[in-house]
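Protein chains in written order, with numbering that gives the first Met the number 0: chain A, 0 to 104; chain B, 0 to 104.
First the structure, in the form of structure tokens, and then the observations on it.
2 protein chains.
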Amino acid sequence: MSLTNIFSDVPSALRDELVQVLLTKADFRIERIVSHGHASPEGFWYDQEQNEWVLLLKGAAKLRFENDLVEMKSGDFINIPAHRRHRVEWTTPDEPAIWLAVFYE
Amino acid sequence: MSLTNIFSDVPSALRDELVQVLLTKADFRIERIVSHGHASPEGFWYDQEQNEWVLLLKGAAKLRFENDLVEMKSGDFINIPAHRRHRVEWTTPDEPAIWLAVFYE
Numbered sequence: 000m001s002l003t004n005i006f007s008d009v010p011s012a013l014r015d016e017l018v019q020v021l022l023t024k025a026d027f028r029i030e031r032i033v034s035h036g037h038a039s040p041e042g043f044w045y046d047q048e049q050n051e052w053v054l055l056l057k058g059a060a061k062l063r064f065e066n067d068l069v070e071m072k073s074g075d076f077i078n079i080p081a082h083r084r085h086r087v088e089w090t091t092p093d094e095p096a097i098w099l100a101v102f103y104e
Numbered sequence: 000m001s002l003t004n005i006f007s008d009v010p011s012a013l014r015d016e017l018v019q020v021l022l023t024k025a026d027f028r029i030e031r032i033v034s035h036g037h038a039s040p041e042g043f044w045y046d047q048e049q050n051e052w053v054l055l056l057k058g059a060a061k062l063r064f065e066n067d068l069v070e071m072k073s074g075d076f077i078n079i080p081a082h083r084r085h086r087v088e089w090t091t092p093d094e095p096a097i098w099l100a101v102f103y104e
């Protein structure tokens with residue numbers, strides 16, 4: 000049985016967010032996302048076809064929704080319905096933020 | 000937007016494992032499982048209808064498969080195919096082991 004660690008192989012510097020698919024099935028996929036001080040570009044909003052259940056494993060982050068700012072710390076999770084517009088306002092600059100995201104229909 | 004923390008509301012003592020469904024859909028569900036020194040009963044083997052992708056978030060554990068013993072620490076994840084017989088041999092007795100499990104078809 001093969002074992003992988005979600006906190007391993009985190010690059011020390013990243014120009015862009017690092018997205019790695021851990022499991023993919025017809026109706027959902029599991030991804031690891033590593034942010035290193037990344038935020039969404041000015042004016043950019045995610046408007047996703049799929050729902051996203053996302054757990055912040057390490058670091059801290061601020062997610063902006065159209066009427067809400069959500070501050071997340073390690074262990075916090077949130078369910079983002081499809082087409083709920085949001086952006087990543089801020090992630091910890093001094094350590095990587097590591098997310099586990101489950102995208103589903 | 001509603002935020003929950005995966006590490007919160009962990010009872011200090013548990014007679015049995017605590018299983019909480021975080022999200023359930025037609026083809027998969029996400030659960031939080033809290034073990035507190037629990038192991039599978041002597042001679043008991045899980046033989047599950049669904050596949051299980053499981054991430055150990057906190058604590059340590061030993062999973063036994065028929066031909067393998069897998070020692071897991073925080074952050075390790077493993078994909079257990081349906082009907083792959085396994086048992087929980089050991090979990091940390093001095094702190095809760097917290098798992099995130101995704102069961103899927």
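Note that CB positions come from ideal geometry on N, CA and C, so glycine has one too.
Under the three-state reduction of DSSP output, K61/A falls in the strand class. For M71/A, the beta-bridge partners assigned by DSSP are A60/A.
Under a 10 Å Cβ-count criterion, S11/A is classified as exposed, with fewer than 16 other Cβ atoms of the shown protein chains found around its own Cβ.
Under the 10 Å beta carbon count, G42/B is surrounded by fewer than 16 other beta carbons and is classified as exposed. Here the alpha carbons of E51/A and H82/A stand approximately 10 Å from one another. In the DSSP assignment, W44/A falls outside any beta strand (DSSP E) and carries neither an H nor an E. A Cβ of chain B is located within less than 8 Å of the beta carbon of T3/A. For Y103/A, the chain B residues whose C-beta falls within less than 9 Å of its own C-beta are L22, K24, D26 and F27, listed in chain order. Within the region 58-69 of chain A, contact with chain B at the beta-carbon level (separation under 8 Å) is assigned to L62, F64, D67 and V69.
For a cut-off of 8 Å, the C-beta gap from I5/B to L54/A is around 6 Å, short enough to register as a contact. Taking 8 Å as the threshold, the shortest C-beta distance from L54/A to chain B falls below it. When Cβ-Cβ separations below 8 Å define contact, D8/B makes no contact with chain A.
Membership of F27/A in the beta strand (DSSP E) is indicated by the continuous run F27 to S34. In this structure, H35/A sits away from L62/A, with a CB-CB distance that is not shorter than 8 Å. Rounded to whole angstroms, the gap between the alpha carbons of D67/A and K72/B is 36 Å. For A38/A, the closest of E104/A, P92/A, R31/A and S7/A by C-alpha to C-alpha distance is P92/A.
The shortest CA-to-CA distance from R84/A to any of R28/A, Q49/A, K24/A and D8/A is the one to Q49/A.
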